[in-house]
Ligand code: GLY
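In the working numbering, the protein residues as written are 10 to 348.
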């Protein structure tokens, strides 16, 4: 197997990811929620297998998420979510201001209510990507940094023209994120993905200031074990611009300082931006091409690529190796975009 990526592993949408695993917060549609929950169910085994195959450590914790309301309006919306979770029999706790403070004493006094969902968590994206790259290498994959110029049908398989010559393969999986639309594929239309920039800020504390992923009206905070805290994220329609901006940083600083007063004395540990691949219906494109035999798509994961990684991997592997489609396939068919 050959992985062709001129940018190197993890240098696309992953740069916009804080690794949050929170489908009950980020599942903005019934379909996305179904995909997110199915993938979260696979996460324990996925991480265990990547760790075993790579012999590397992956930071992965199901700390739970704590959504907080700072205004009565936010509290009302959170309470509706609490009632919906109760109806769906999802494990969670509704917390008043005092209970939030007992759980997370560093949070602002302005918190009026909170919603704790213990099944959620986060994964350290950089540690996951290094482990995945190493595991792939140990299992025989090679990583090449050439550029793909065209994918076309050829006798005996699929032809891939690269900046370093042509290859032929039985199977090609197009997983180029925001850049998926830029690869010519004969008469097959390009995947309709557009880049949506996400900027993230990294702060450093002497010890972790929080023990849960915290989500507020302006963004979210993801506390790592070593005292680093990721603050995310902007959502910007600015084309293929991967810059970090003053505007973006101000938004992230406001989020951190509003939720966590101690952020004022934290060390700034860097900032980054990545491009999330958004599709018109904000659902990924996963499955076999309906027009080009041997071509498969695994792209367009928008804000949920890290969460949906295990499900995407299983769906593509089962389809390519056994011709089996999982139930979730109907939600993400390439054919809905003429692909
Ligand atoms: N999944 C988090 C984000 O896209 O900001």
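Even for Gly, the Cβ is constructed at its ideal location relative to N, Cα and C.
At what residues does the alpha helix (DSSP H) containing residue i begin and finish?
i, result
"residue 232", "It is not in any alpha helix (DSSP H) - residue 232 instead sits in the beta strand (DSSP E) that spans 228 to 232."
"residue 43", "39 to 63"
"residue 319", "318 to 331"
"residue 34", "32 to 35"
Give the secondary structure of residue i by DSSP, where H, G and I count as helix, E and B as strand, and everything else as coil.
i, result
"residue 80", "coil"
"residue 256", "helix"
"residue 244", "coil"
"residue 98", "coil"
"residue 342", "coil"
"residue 139", "helix"
"residue 203", "strand"
"residue 150", "coil"
"residue 265", "helix"
"residue 169", "strand"
"residue 20", "coil"
"residue 112", "helix"
"residue 159", "strand"
"residue 127", "coil"
"residue 187", "helix"
"residue 216", "coil"
"residue 335", "coil"
"residue 75", "strand"
"residue 307", "strand"
"residue 348", "coil"
"residue 85", "helix"
"residue 119", "coil"
"residue 132", "strand"
Could you compute how far the alpha carbon of residue i sits from the alpha carbon of residue j?
i, j, result
"residue 275", "residue 212", "6 Å"
"residue 61", "residue 121", "43 Å"
"residue 265", "residue 80", "17 Å"
"residue 320", "residue 47", "7 Å"
"residue 41", "residue 246", "21 Å"
"residue 318", "residue 52", "9 Å"
"residue 341", "residue 295", "5 Å"
"residue 28", "residue 71", "12 Å"
"residue 21", "residue 271", "31 Å"
"residue 7", "residue 14", "The chain is shown from 10 up to 348; residue 7 falls before or after that span and cannot be answered."
"residue 286", "residue 158", "19 Å"
"residue 138", "residue 109", "33 Å"
"residue 184", "residue 308", "5 Å"
"residue 18", "residue 329", "22 Å"
"residue 126", "residue 253", "32 Å"
"residue 231", "residue 222", "5 Å"
"residue 249", "residue 25", "13 Å"
"residue 66", "residue 154", "25 Å"
"residue 23", "residue 84", "31 Å"
"residue 292", "residue 33", "16 Å"
"residue 198", "residue 45", "27 Å"
"residue 188", "residue 202", "8 Å"
"residue 141", "residue 200", "25 Å"
Looking at C-alpha atoms only, which residue of the options is the closest neighbour of residue i?
i, options, result
"residue 229", "207, 255, 249 and 215", "207"
"residue 279", "287, 269, 258 and 285", "258"
"residue 4", "105, 239, 186 and 224", "Lying outside 10 to 348, the shown extent of the chain, residue 4 is not represented and no answer is given."
"residue 237", "250, 289 and 220", "220"
"residue 93", "64, 281 and 124", "124"
"residue 370", "180, 262, 24 and 106", "Residue coverage of the chain in this structure runs from 10 to 348, which leaves residue 370 outside it and unanswerable."
"residue 359", "63, 89, 250 and 281", "Because the chain is modelled from 10 through 348, residue 359 falls outside the range shown and cannot be assessed."
"residue 54", "224, 76, 323 and 199", "323"
"residue 224", "130, 332 and 175", "130"
"residue 97", "39, 170, 348 and 57", "39"
"residue 214", "273, 73 and 301", "273"
"residue 204", "113, 196, 171 and 191", "191"
"residue 50", "316, 339, 338 and 298", "316"
"residue 227", "301, 331, 262 and 197", "262"
"residue 300", "311, 338 and 347", "347"
"residue 196", "313, 186 and 161", "161"
Quick check on the DSSP output: the beta strand (DSSP E) that includes residue i runs from which residue to which?
i, result
"residue 281", "276 to 287"
"residue 11", "11 to 13"
"residue 175", "174 to 178"
"residue 7", "The requested residue 7 is not part of the displayed model; the chain covers only 10 to 348."
"residue 315", "Note, residue 315: premise wrong, no beta strand (DSSP E); not H, not E."
"residue 222", "222 to 225"
With a threshold of 7 Å, establish whether the CB of residue i neighbours any heavy atom of ligand 2.
i, result
"residue 187", "Ligand 2 is absent from the structure shown, which contains only ligand 1."
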